[in-house]
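Student: Before I ask anything, here is the structure I am working with.
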Amino acid sequence: MNDVLVRGWPAVILLAEDNDNDVELTKLGFKRAKFAVDLHHVANGEECLAFLRKEGTYSAAPTPDIILLDLNMPRMDGIEVMQELGKDEALKHLVVVVLTSSKADEDVIRSYKLRCNSYLVKPINFEAFAKMIESLGDYWFTLVTLPPVARS
Amino acid sequence: VSAARVDPVERELRLYRWLCLFVGAIYLVWWVAVEAMLPDAYNPLLGRLVVVCAIWAIAAATYASAWVRAHVRVLWTCGLWLLTAHYFYLFDQNAGDTNWVVGSFITVTAICLAFMSRASLLAYSAFAAALSLALVIELPALRHSVFVPGLVTVLLQANIGLHSRLAVLRDLAASNDHFQLLFDSTFEGVLIHEGGRIVQVNDALLRLSGFSRAEAVGRDALDFVHADDREIARDVLTAGASSPVELRHIRKDGTEVDIEVRGKPFARGKRTQQLVTVEDVTERKQRAAELQRTNAALVRSNLDLQRFAYIASHDLQTPLRGIASFVDLLRSTYGEQLDAQATDWLSRTSQSVDHLQTLIRDLLDYSRLDAEPRAFETVSMRDALDRASGLLETAVRDAEAVITADELPDVTGDRSHLVQLLLNLLGNAIKYRGVAAPRIHIAAHTRDDHWLFEVRDNGIGIAPKYHQQVFDVFKRLHDQKQYPGTGIGLAICRRVVDRHGGKIWGESTPGAGSTFSFTIAKGTGTP
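Going down the list, the protein sequences come from chains A and B.
Here the working numbering runs 64 ahead of the position in the first sequence, where the first position is 1.
Here the working numbering runs 6 ahead of the position in the second sequence, where the first position is 1.
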């Protein structure tokens, strides 16, 4: 195993994404980049918030190191999730990376105004996608000091 | 009603001229007759010539002097008095022996009198009566001879005077008929009122309102106006209105009708009346409302279409990315296990996906032009050109293209769209180049209310029948192998130019290059 470990254990990532293909591709991307990640998946904004607040079925959920957030989701979209996080003192320090197919200026501006940490546009083909995931891991897991997480 | 009517003043003038000639001539003929019949009578030629010349001089002067023309009646009366006085003098000199002299002057002048104005007629009658009385009193022997022609005079005066007055009345009636005909045959309703009370209405207005003339004339015009509009109507009736004022009129059957009225006061004698025109605008209002509805629907459907294009192209990207990525994965993971046929099919799938991706991206760009309107600002076309050619740097270098430009003005517009416009035109000029290295020149000309820009190249050109079609969305003239692309570039150009209040067109000679011209409105236009 030469997978990269973050702080001695696999990084916990929460992927909020409604598209199964993209979930699969993201998993494959991390595998290809050889990052040891503990990837959790939620399919919409409501689930995402429930996961973070450890509500209902998510009572045993870990606190993620990074949230990969899609903007375009049913029920509650990424923008609304970020608004909620901003209001929640217990969650506002979490690292949010927007991962979306939208290149619209408006979406980019709105996301940064809600203090997302990065804005990434999903590339068209897998090679480029895998490369992006690799760079993302390099940056967030090796260069950046992430907020401390209480481990049980 | 005769079409060509002689001006009555002109007709009267002509009549006076003829009378002058006629009366003067008779007076001279009379001299000859008296000389022949009464050789011993007192009958001086010089005296008669003076009178005749004076009367003829009036006729001659009407040609030369406007003052004489204006006072021809007065002058003519003076001439007649001169004539009569001369007769009286002749009568006196001949010791009352010439009965027919007296009769003749009365007969001749009677004819003339019939045509004179009432005031001068009265003055002359009084004069002639006084003269006759003097003759009767002083010379009882002449009583009968003076009375008979005197009576004839009075009868003639009465008859001819009446006749001429009847002619005047007939003329007046004809003229009134003519006016009434015009008044009634206009399409607009017309009413004349005095202080709000209706004096006259035309047929068109009666048709519009359903009232009869008897029901309308004499009533207050405000009675026919909707209660809520009476204040506005009162203003029109008192002050007049040169531009149309909208009101609601209540018909006889109680229904409402939208009308537009205009009013204009005029003086009728010493009184002030007002002419009000009334137009039924129900149909026009309906048409305007309909147009507004259609327009709103059009705007809505256009917005829907834009949103649709934007969302469709946006949402199409997700499944497409899935296809592209899994095909990629398939090739990279299982490539070695696939035979040549399968590899070929996979690469064809990839190519199609790439093409579809380009199409969607371009469609997204196209629909975004309107979906994200930005405020106009002052844009230096020189800067826009520099930015566009900067973005094309690689292509320019590879093709060894040379881009030159006139001095370019500042325009009012959307900076990024104008850069896009130049980028697409320059990009095309480089892409569709001939054998020689591309030479592109951008010229600018000022026109009255817009700027005219020309982008001239030495490329392969476009056949004339496609000069318009190239601006259509997805219209392409070449296959993907020759010149890859989606055919959206010029459609975007047209959209950008449209938004800047301009036009775009292409002129080209196949093989010799193309010139794309576009205009941009001057001034502070908004998108």
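Beta carbons: idealized from backbone N, C-alpha and C, even for Gly.
List the residues of chain A whose Cβ lies closer than 7 Å to the Cβ of ASP334 (chain B), in chain order.
Tutor: ASN189, PHE190, GLU191
Student: Counting C-beta neighbours from all protein chains within 10 Å, is the total for ALA518 (chain B) 16 or more, i.e. buried, or is it exposed?
Tutor: Exposed is the call here.
Student: Within 10 angstroms of the Cβ of ALA43 (chain B), are there 16 or more other Cβ atoms? Answer buried if so, exposed if not.
Tutor: Correcting the residue type first, residue 43 (chain B) is Met in the shown sequence and not Ala. Exposed, by the Cβ-count rule.
Student: Where does LYS95 (chain A) sit, in a helix, a strand or coil, going by DSSP?
Tutor: helix
Student: Going by the C-beta, is TRP511 (chain B) closer than 7 Å to any heavy atom of the ligand SAH?
Tutor: Because no ligand of any kind appears in the structure shown, any question about the ligand SAH cannot be addressed here.
Student: Out of A:ASN83, A:LYS167, A:PRO74, A:ASP129, which one is the CA nearest neighbour of LYS98 (chain A)?
Tutor: A:PRO74
Student: Any idea if LYS276 (chain B) is buried or exposed, counting beta-carbon neighbours within 10 angstroms, 16 or more meaning buried?
Tutor: exposed
Student: Can you tell me which of the three DSSP states GLN488 (chain B) falls into?
Tutor: coil
Student: What are the boundary residues of the alpha helix (DSSP H) that PRO138 (chain A) is part of?
Tutor: Segment: none, PRO138 (chain A) is in no alpha helix (DSSP H) and carries neither H nor E.
Student: For the stretch 233–244 of chain B, which residues have a beta carbon sitting closer than 9 Å to at least one beta carbon of chain A?
Tutor: Of all residues in the stretch 233–244 of chain B, none places a beta-carbon less than 9 Å from a beta-carbon of chain A.
Student: In angstroms with no decimal places, state the Cα-to-Cα distance between ALA330 (chain B) and ASN83 (chain A).
Tutor: 15 Å
Student: For chain B, check one thing: does any of its Cβ atoms lie closer than 8 Å to the Cβ of SER175 (chain A)?
Tutor: no
Student: Can a CB atom of chain A be found closer than 8 Å to the CB of PRO533 (chain B)?
Tutor: A caution first: PRO533 (chain B) carries a pLDDT of 48, below 50, which makes its placement in the model too unreliable to give a value.
Student: Here's the rule: buried if 16 or more other CB atoms are within 10 angstroms of the residue's CB, otherwise exposed. What is GLN280 (chain B)?
Tutor: buried
Student: Flag this pair as yes or no: are the beta carbons of ALA80 (chain A) and ILE131 (chain A) separated by less than 8 Å?
Tutor: yes
Student: Measuring CB atoms only, is the stretch 48–59 of chain B touching the stretch 186–200 of chain A, in the sense that at least three cross pairs come out at less than 8 Å?
Tutor: no
Student: Compute the Euclidean distance between the alpha carbons of VAL479 (chain B) and THR364 (chain B), then round it to the nearest angstrom.
Tutor: 14 Å
Student: Does any residue of chain A have a CB that is nearer than 8 Å to the CB of GLY341 (chain B)?
Tutor: no
Student: Which bits of chain B does LYS186 (chain A) rub up against, with CB to CB less than 7 Å?
Tutor: The answer, in chain order, is ARG327.
Student: Tell me which same chain residues have a C-beta within less than 6 Å of the C-beta of GLY493 (chain B), skipping the five on either side of it?
Tutor: Cβ within range, chain order: PHE480, LYS481, ARG482.
Student: On the three-state DSSP scale, how would you describe GLY536 (chain B)?
Tutor: Here chain B has residues from 7 to 533 only, and residue 536 (chain B) is not among them.
Student: Among B:LEU458, B:TYR472, B:PRO490, which has the Cα closest to the Cα of GLY507 (chain B)?
Tutor: B:LEU458
Student: Could you pull out every residue in the same chain whose Cβ sits closer than 7 Å to the Cβ of ARG236 (chain B), ignoring the five residues on either side in sequence?
Tutor: LEU228
Student: For chain B, check one thing: does any of its Cβ atoms lie closer than 8 Å to the Cβ of ASN108 (chain A)?
Tutor: no
Student: What are the residues in the stretch 128–147 of chain A lying within 9 Å of chain B by C-beta distance?
Tutor: Listed in chain order, the positions of the stretch 128–147 of chain A with a beta carbon within less than 9 Å of a beta carbon of chain B are ASN136.
Student: Short of 6 Å in beta carbon distance, which residues of its chain neighbour ALA194 (chain A), apart from the five on each side in sequence? Order them along the chain.
Tutor: GLY93, ARG96
Student: Go ahead and label ARG20 (chain B) buried or exposed: buried means 16 or more other beta carbons lie within 10 angstroms of its beta carbon, across all protein chains shown.
Tutor: exposed
Student: Excluding the 5 residues flanking ALA527 (chain B) on each side, which residues of the same chain have their C-beta closer than 7 Å to its C-beta?
Tutor: Once the five neighbours on either side are set aside, the close Cβ partners of ALA527 (chain B) are ASP455, HIS456, HIS506, GLY507, GLY508.
Student: Whole-angstrom Cβ separation of LEU369 (chain B) and ALA315 (chain B), contact assumed at under 8 Å?
Tutor: 6 Å
Student: Starting from VAL160 (chain A), follow its DSSP beta bridges and name the residues at the other end.
Tutor: A:ILE131
Student: Give, in chain order, every unbroken run of the alpha helix (DSSP H) that is at least 4 residues long and sits entirely within the stretch 205–241 of chain B.
Tutor: 209–215, 219–222
Student: Cutting at 7 Å between CB atoms, please list the residues of its own chain near GLU194 (chain B), excluding the five before and the five after it.
Tutor: By the criterion of a C-beta distance shorter than 7 Å, GLU194 (chain B) is surrounded in its chain by ALA210, THR283, VAL284, GLU285, once the five residues flanking it on both sides are discounted.
Student: Going along chain A, which residues have a C-beta under 8 Å from ALA295 (chain B)?
Tutor: The contacting residues do not exist; ALA295 (chain B) stays about 36 Å from chain A at best.
Student: Between HIS232 (chain B) and ILE256 (chain B), is the Cβ-Cβ spacing less than 8 Å?
Tutor: yes
Student: Report the residue from B:ALA66, B:CYS499, B:SER191, B:TYR93 whose alpha carbon sits nearest the alpha carbon of GLN426 (chain B).
Tutor: B:CYS499
Student: Helix, strand or coil for TRP73 (chain A), going by three-state DSSP, please let me know.
Tutor: strand
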